[in-house]
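S.K.:
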Amino acid sequence: MTPDTPIDASPFADDAPHPPSRQIDTSKPSVARVYDCFLDGKDNYAVDRAVFNQVNDVTPAIARLAKAQRSWLGRVTRFLVNSAHIDQFLDVGAGLPSAENTHQAAQRLNPSARVIYVDNDPIVLAHGRAILEENDFTHLVDADLTKPDEVLGHPLAKRFLEAGTPIGLIQSSTLHHVSDDLRPHDIVRRYMELLPSGSYLVLSHFCDPEDGGEGSHLARFIEDVFANGPMGSGYFRTRAQIEEFFEGLEMVEPGLVRLRDWWPDGPLLQPATTGDGLVLGGVARKP
Numbered sequence: 001m002t003p004d005t006p007i008d009a010s011p012f013a014d015d016a017p018h019p020p021s022r023q024i025d026t027s028k029p030s031v032a033r034v035y036d037c038f039l040d041g042k043d044n045y046a047v048d049r050a051v052f053n054q055v056n057d058v059t060p061a062i063a064r065l066a067k068a069q070r071s072w073l074g075r076v077t078r079f080l081v082n083s084a085h086i087d088q089f090l091d092v093g094a095g096l097p098s099a100e101n102t103h104q105a106a107q108r109l110n111p112s113a114r115v116i117y118v119d120n121d122p123i124v125l126a127h128g129r130a131i132l133e134e135n136d137f138t139h140l141v142d143a144d145l146t147k148p149d150e151v152l153g154h155p156l157a158k159r160f161l162e163a164g165t166p167i168g169l170i171q172s173s174t175l176h177h178v179s180d181d182l183r184p185h186d187i188v189r190r191y192m193e194l195l196p197s198g199s200y201l202v203l204s205h206f207c208d209p210e211d212g213g214e215g216s217h218l219a220r221f222i223e224d225v226f227a228n229g230p231m232g233s234g235y236f237r238t239r240a241q242i243e244e245f246f247e248g249l250e251m252v253e254p255g256l257v258r259l260r261d262w263w264p265d266g267p268l269l270q271p272a273t274t275g276d277g278l279v280l281g282g283v284a285r286k287p
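Residue numbers for the sequence shown follow full-length UniProt numbering, so the first one is 1 and each next one is one higher.
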């Protein structure tokens, strides 16, 4: 494909069969289920809680960050619906349903807003399909987020995302689970090439503050737990590396910032902590 190829130009046929369902492996932790622990969810197993406890015992800030991220995503979604007039969303690597999902935030303001979730974790697919079964404007695609052409070429994506109309692409805490070997910047670049002008990129990512002190120490500890432990992935990148995801796009103020600083709903009554700087988020528009 060439840049800006319409979404419906994929070689995947509309009647392509769905892949067979996969078994849920409860002997290994899942990124989606560990995040569920941080959000006080109940869709997790002992192996997931073990990873959660390992991190939480040393730095409870991560649970706070996970909840801050959920709140940030709600604010971003409301901005895109209200101010940017986006009425269709592609939420990639969406994870397990929890409080205030993208479709809930969007459809509260625009009941006909369309949301396509993308994930390939079996438990996410099972729970997500059950929850979304009666929502005609929200669908779940079983696909690998590292393959943009396959995601946007999936029959459900082609059927429910209107080609030529701007889309809100959400990459919330996804790309820090993608190794450099898979070229995450190229993945994001390809998504944006396939989306029409006026589309938005919403992205949050683990950040190494490079402060030579407590922040970097926490980053290295968490990276070791996620990347070198049973989770298998979790990479902290520098601010400059995260900014690179937004190359060629128009950043929305206040730019790439700590999640708490991106248009908070009200006064920030709690002082910032070192942990707050471990995740940065930003929103940008494709010209």
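We put the beta carbon where it would ideally sit given N, CA and C, even for glycine.
Is DSSP giving GLU253 helix, strand or coil here?
M.R.: Looking at GLU253 - three-state DSSP - the assignment turns out to be coil, as it is neither helix nor strand.
S.K.: So, at 7 Å on beta carbons, what are the nonlocal neighbours of CYS37 in its own chain, with the 5 sequence-adjacent residues on each side left out?
M.R.: Answer for CYS37: ASN44, ASP48, ARG49 and PHE52, listed in chain order.
S.K.: Using DSSP with H/G/I as helix, E/B as strand and the rest coil, what is ARG183?
M.R.: Coil.
S.K.: Jot down the residue ranges of each uninterrupted beta strand (DSSP E) in the stretch 142–227, minimum 3 residues, whole runs only, in chain order.
M.R.: Qualifying beta strand (DSSP E) stretches, in chain order: 168–172 and 200–206.
S.K.: Taking the C-alpha atoms as reference points, what is the distance between GLN107 and ALA113?
M.R.: Computed Cα separation, rounded: 6 Å.
S.K.: If distances are taken between C-alpha atoms only, which option among LEU109, THR146 and SER30 comes closest to PHE79?
M.R.: Closest option to PHE79, Cα to Cα, is LEU109.
S.K.: Could you tell me which residues DSSP pairs with THR138 in its beta bridges?
M.R.: VAL115.
S.K.: Go ahead and pull the three-state DSSP assignment for VAL279.
M.R.: The answer is strand: DSSP assigns VAL279 an E or B state.
S.K.: Count the other CB atoms, across all protein chains shown, that sit within 10 Å of the CB of LEU268; report buried if there are 16 or more and exposed otherwise.
M.R.: Exposed, because fewer than 16 other Cβ atoms sit within 10 Å of the Cβ of LEU268.
S.K.: Does the distance from the C-beta atom of LEU156 to that of VAL141 stay below 8 Å?
M.R.: Contact flag set, yes.
S.K.: Please report the residue range of the beta strand (DSSP E) in which LEU90 lies.
M.R.: First-last of the beta strand (DSSP E) with LEU90: 88–92.
S.K.: Using CA atoms only, rank isn't needed, just tell me which of PRO60, ARG64, PHE137 and TRP72 is closest to GLY266.
M.R.: Ranking the options by Cα distance to GLY266, first place goes to TRP72.
S.K.: With H, G and I counted as helix, E and B as strand and the rest as coil, what does DSSP make of ALA284?
M.R.: Three-state DSSP puts ALA284 in a strand.
S.K.: Nearest by alpha-carbon distance to ASP261: which of SER172, GLN69, PRO122 and THR59 is it?
M.R.: Ranking the options by Cα distance to ASP261, first place goes to GLN69.
S.K.: If contact is defined by three or more beta carbon pairs under 8 Å, each pair taking one atom from either stretch, is the stretch 76–92 in contact with the stretch 167–178?
M.R.: Touching, per the Cβ criterion.
S.K.: Does the Cβ-Cβ distance between HIS176 and HIS205 come in under 8 Å?
M.R.: Their beta carbons are under 8 Å apart, which means HIS176 touches HIS205 by this criterion.
S.K.: Rounded to the nearest angstrom, how far is the Cβ of LEU203 from that of PHE245, given a contact under 8 Å?
M.R.: The Cβ separation is near 6 Å, so the contact holds.
S.K.: Name the residue from PRO122, ASP180, GLU134 and ASN120 whose alpha carbon lies nearest to the alpha carbon of HIS103.
M.R.: Comparing Cα positions, the closest option is GLU134.
S.K.: Give me the residue from MET251, SER173 and VAL115 with the minimum Cα distance to PHE160.
M.R.: Ranking the options by Cα distance to PHE160, first place goes to VAL115.
S.K.: The alpha helix (DSSP H) with GLU243 in it runs from where to where?
M.R.: Unbroken alpha helix (DSSP H) run through GLU243: 239–243.
S.K.: Identify the continuous alpha helix (DSSP H) that holds TYR35 and give its terminal residues.
M.R.: First-last of the alpha helix (DSSP H) with TYR35: 31–38.
S.K.: Can you give the beta carbon distance from SER216 to ASP208, rounded, assuming they're within the 8 Å contact cut?
M.R.: Indeed they touch by this definition, with Cβ atoms about 6 Å apart.
S.K.: Within this structure, are the beta carbons of GLY282 and ARG258 separated by less than 8 Å?
M.R.: No, the Cβ-Cβ distance between GLY282 and ARG258 is not below 8 Å.
S.K.: Hey, how far is the Cα of ARG75 from the Cα of TYR200?
M.R.: Taking the straight line joining both Cα atoms gives about 14 Å.
S.K.: Going by DSSP, what residue range makes up the alpha helix (DSSP H) through HIS103?
M.R.: Segment 102–109, the alpha helix (DSSP H) holding HIS103.
S.K.: Start and end of the alpha helix (DSSP H) containing ALA68?
M.R.: 61–82 is the span of the alpha helix (DSSP H), which, as asked, contains ALA68.
S.K.: Mind reading off the beta-carbon distance from GLY198 to ARG285? Whole number of angstroms is fine, and I expect it under 8 Å.
M.R.: Confirmed, Cβ separation roughly 7 Å.
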